[in-house]
Amino acid sequence: MRALSALTLILILLGGCVSAPPPVAAPVAVEAPFVVQPERMAAKRVAALAGPVDLVFIGDSITQNYDRVSEKVEENYKPVWDAFYGSRHALNLGYGMDTSAATLWRFAHGELDGIAPKLAVILIGTNDTNLGHSARETFSDVEVVVNAAHERMPHARLLLIGILPSDKSTAKSKADAEVNALLAARYTASEFVTFIDIASVFRKEGQLDRSLYVEKGPHEALHPNVSGQAVMARAIEPTVARLLGEPSLK
Numbered sequence: 001m002r003a004l005s006a007l008t009l010i011l012i013l014l015g016g017c018v019s020a021p022p023p024v025a026a027p028v029a030v031e032a033p034f035v036v037q038p039e040r041m042a043a044k045r046v047a048a049l050a051g052p053v054d055l056v057f058i059g060d061s062i063t064q065n066y067d068r069v070s071e072k073v074e075e076n077y078k079p080v081w082d083a084f085y086g087s088r089h090a091l092n093l094g095y096g097m098d099t100s101a102a103t104l105w106r107f108a109h110g111e112l113d114g115i116a117p118k119l120a121v122i123l124i125g126t127n128d129t130n131l132g133h134s135a136r137e138t139f140s141d142v143e144v145v146v147n148a149a150h151e152r153m154p155h156a157r158l159l160l161i162g163i164l165p166s167d168k169s170t171a172k173s174k175a176d177a178e179v180n181a182l183l184a185a186r187y188t189a190s191e192f193v194t195f196i197d198i199a200s201v202f203r204k205e206g207q208l209d210r211s212l213y214v215e216k217g218p219h220e221a222l223h224p225n226v227s228g229q230a231v232m233a234r235a236i237e238p239t240v241a242r243l244l245g246e247p248s249l250k
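Just so we're aligned, residue 1 is where the sequence shown starts under UniProt numbering, counting upward by one.
Written as structure tokens, this is what we have:
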């Protein structure tokens with residue numbers, strides 16, 4: 001991750017003092033995922049090439065969970081995906097434990113090859129800060145992911161979701177809030193990126209709404225449960241519909 005951030009810093013320095021640097025060319029992915037999931041990658045490649053793909057989701061386990069199927073209602077996320085994205089030719093490219101660098105590794109290994117979606121939804125960064133990476137470092141690395149996605153899908157609109165709130169630690173929560181503030185400022189006037197911070201929908205009376213998370217113990221809440229996933233899908237739906245040029249399902 002340090003090498004990735006060094007690359008970002010070099011690109012910024014070479015670009016001079018500009019407020020909105022253009023997308024960087026061919027960023028180097030320097031870290032393989034903690035869990036590669038080759039079978040999932042292969043299956044997603046088949047689905048991508050079979051097409052059509054109008055909507056793609058890029059992220060970590062929070063995104064991958066949309067594919068979870070279970071006889072237990074509280075563990076069956078697939079109906080949420082089907083309700084919001086089942087008719088939209090959507091492809092789920094979420095992978096558990098992925099960091100920004102791991103996402104770049106997947107890009108470098110052909111994850112986005114051969115697709116030209118109208119919209120890509122990106123939710124990444126929580127594993128970066130969970131590993132202790134600073135807010136500035138995580139912001140820079142997420143920016144490289146966004147630029148790499150734009151380079152590979154130049155005609156797609158990008159919807160970047162801010163890091164969701166968690167209860168892992170005070171330090172992580174502070175870093176996540178700072179990352180989101182930096183991303184909001186960075187993409188305020190972007191021509192191809194829309195940033196949305198939906199942290200508020202996971203809070204109730206100013207506190208984290210634990211009923212929306214899988215983990216219930218102290219300092220554990222990180223992954224939205226099925227109800228939380230539905231809350232997230234509803235929160236981004238008006239923006240997703242607008243960027244796709246479709247009526248909102250909300």
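Yeah, the Cβ is synthetic: ideal placement off N, Cα and C, and Gly gets one too.
With 16 as the cutoff for other CB atoms within 10 Å, does residue i come out buried or exposed?
i, result
"S248", "exposed"
"N76", "exposed"
"A50", "exposed"
"D113", "exposed"
"S100", "buried"
"F107", "buried"
Could you check the C-alpha separation between residue i and residue j for me, to the nearest Å?
i, j, result
"E191", "A120", "14 Å"
"D141", "H223", "21 Å"
"G110", "L123", "19 Å"
"I236", "G125", "18 Å"
"A177", "V201", "14 Å"
"A47", "G217", "37 Å"
"Y213", "A221", "6 Å"
"G245", "S70", "33 Å"
"V24", "R210", "A caution first: V24 carries a pLDDT of 40, below 50, which makes its placement in the model unreliable, though a value can still be read off. Each residue's alpha carbon lies about 39 Å from the other."
"Q64", "A42", "15 Å"
Let's see if you can read the secondary structure: which residues bound the alpha helix (DSSP H) around residue i?
i, result
"V142", "A135 to R152"
"R157", "Note, R157: premise wrong, no alpha helix (DSSP H); beta strand (DSSP E) at R157 to I161."
"A230", "V226 to L244"
"L49", "P38 to A50"
"A171", "T170 to R186"
In the DSSP assignment, what are the bridge partners of residue i?
i, result
"L91", "V56"
"R203", "L208"
Check for me: the beta strand (DSSP E) holding residue i runs from which residue to which?
i, result
"R106", "Counting along the chain, R106 falls outside any beta strand (DSSP E), though it belongs to the alpha helix (DSSP H) covering S100 to A108."
"L212", "It is not in any beta strand (DSSP E) - L212 carries neither H nor E in the DSSP assignment."
"A120", "L119 to L123"
"V193", "V193 to I196"
Closer than 7 Å, CB to CB, is residue i near chain C or not?
i, result
"V56", "Of the chains in the structure shown, none is chain C; there is only one protein chain."
> Does the segment 48-59 come within contact of the segment 79-97, defined as at least 3 CB pairs closer than 8 Å?
Replying inline: Cβ pair count under 8 Å is three or more, so yes.
> Between the segment 225-232 and the segment 165-185, are three or more C-beta pairs nearer than 8 Å?
Replying inline: Cβ pair count under 8 Å is below three, so no.
> Taking three-plus beta-carbon pairs below 8 Å as touching, is the segment 157-175 in contact with the segment 127-144?
Replying inline: Between the segment 157-175 and the segment 127-144 there are three or more inter-stretch CB-CB distances shorter than 8 Å, so the stretches are counted as touching.
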